[in-house]
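Just so we're on the same page, our numbering is the position in the sequence shown counted from 1, plus 133.
Presented below is the structure to which this report refers.
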Amino acid sequence: MIAALLDRLRQGDRNALARLISLAAQGEGLAELQASLAANPRSARVVAFTGSGGVGKSTLIGKLIPLVRSQGHKVAVLACDPQSPLSGGALLGDRFRMGSSTDDGVFIRSLAAQSGHGALADHLDVMIRLFETVGFEVIFLETVGAGQGDVEVRRFSDVVVLMLQPETGDDVQWEKAGILECADIVVVHKADLPTTEQTAAQVRAALDLSPARHVPVLRVSTKANTGHAELWQTIHALPLRRQHATAASLLLESAIAWFKERYQAAESRHDAELVKLIEAWQRGETPTEIAAQSLLNTLTRAKP
């Protein structure tokens, strides 16, 4: 079935694309998908947007889509929403906030963020490769919120845009979470509010503590319709991190992701061998090096 869907995908079938994304989200056929897509070039510019709920991530992405399309780029959006406690699917659902589009150059999909990741859906890497296969040149990722789970989004993206807004105390939260260290661009959204410049100054002061890299701080207002073009220009000027990654670093990232997924699956099953191993390490009966090797052996034998 996967092979047939991939054949249809390469012919430009959007229904096949939607079906393959659903299969990837459910964790079905992953090995076959990864093997089939491995040789594809990392051709898309992947931009992740993170920030507290209500900061306007979807609204901003909705403004950027026509701007990017006007330059002839195909745009995909993977929006990670809270998981519904009843259905297990995305709580807000497809296209709820950005609106539907009849433009074949735009594809928007909502995904349920899994409890293990917090801010992200599972298997985003496979979904990104699917979009790249059919020529989507820009992929926007939207996380559920801002927290430690968002740090992982850097692995999937070329650019991480951290969104803040004035008058919310976000400055305390992002300093605690360490999210600022992962941002390539900081956007002070709702820049029509009166304390915008104060918030921007606080961000710049925090960034000055790490002068080794330059992180632009931009003010954007969707209400006043200002700053969107400058934001896209800034995004487009940054290097494509995924394309410049070495094979060794990509392998290491993939191995870590595999390890975490296996660990989370074993933990959710209350795997007896895993529990015994962790308890022995906590009591000091097993050295860390031996416990780590035993953990790897346990997860390798376990069913995914």
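Heads up, the beta-carbon is just placed ideally off N, CA and C, and yes, glycines get one too.
These numbers were taken from a predicted model, which means no experiment stands behind them.
Label residue i either buried or exposed according to how many other C-beta atoms from any shown protein chain fall within 10 Å of its C-beta, with 16 as the threshold for buried.
i    : result
K190 : buried
H322 : buried
I132 : Residue 132 cannot be examined here, being either before or after the span of the chain that is shown, 134 to 437.
I389 : exposed
Q144 : exposed
R346 : exposed
A399 : buried
S401 : exposed
K207 : buried
T329 : buried
D255 : buried
T332 : buried
S290 : buried
A334 : exposed
R416 : exposed
D140 : exposed
P420 : exposed
M296 : buried
E363 : exposed
D214 : buried
Just verifying my parser: in three-state terms, what is the DSSP assignment at residue i?
i    : result
G184 : strand
E422 : helix
N148 : helix
R416 : coil
L297 : strand
A245 : strand
T433 : helix
F240 : strand
L202 : Position check: residue 202 holds Arg in this sequence, whereas Leu was assumed. Three-state DSSP puts R202 in a helix.
R178 : strand
Return the first residue and the last residue of the alpha helix (DSSP H) that residue i is part of.
i    : result
E285 : No alpha helix (DSSP H) holds E285; DSSP gives it neither H nor E.
A137 : I135 to R143
F264 : L257 to T266
V277 : From DSSP, V277 is part of no alpha helix (DSSP H); its letter is neither H nor E.
A164 : L163 to L170
Taking residue i as part of the beta strand (DSSP E), name the residues at either end of that continuous run.
i    : result
L499 : Nothing can be reported for residue 499: it is not among the residues displayed for the chain, which extend from 134 to 437.
* **Three-pair Cβ contact test at 8 Å for the segment 184-202 versus the segment 265-279** => yes
* Asked: Are at least three pairs of beta-carbons, each pair with one atom in the segment 260-269 and one in the segment 150-160, less than 8 Å apart?
  -> yes
* Which runs of the alpha helix (DSSP H) spanning at least 4 residues fall entirely within the segment 322-371, listed in chain order? -> 329-340 and 361-370
* **Cβ contact (3+ pairs, closer than 8 Å) linking the segment 348-368 and the segment 316-335** => yes
* Specify whether the segment 144-153 and the segment 232-246 touch according to this definition: at least 3 beta carbon pairs, one from each stretch, less than 8 Å apart. => yes
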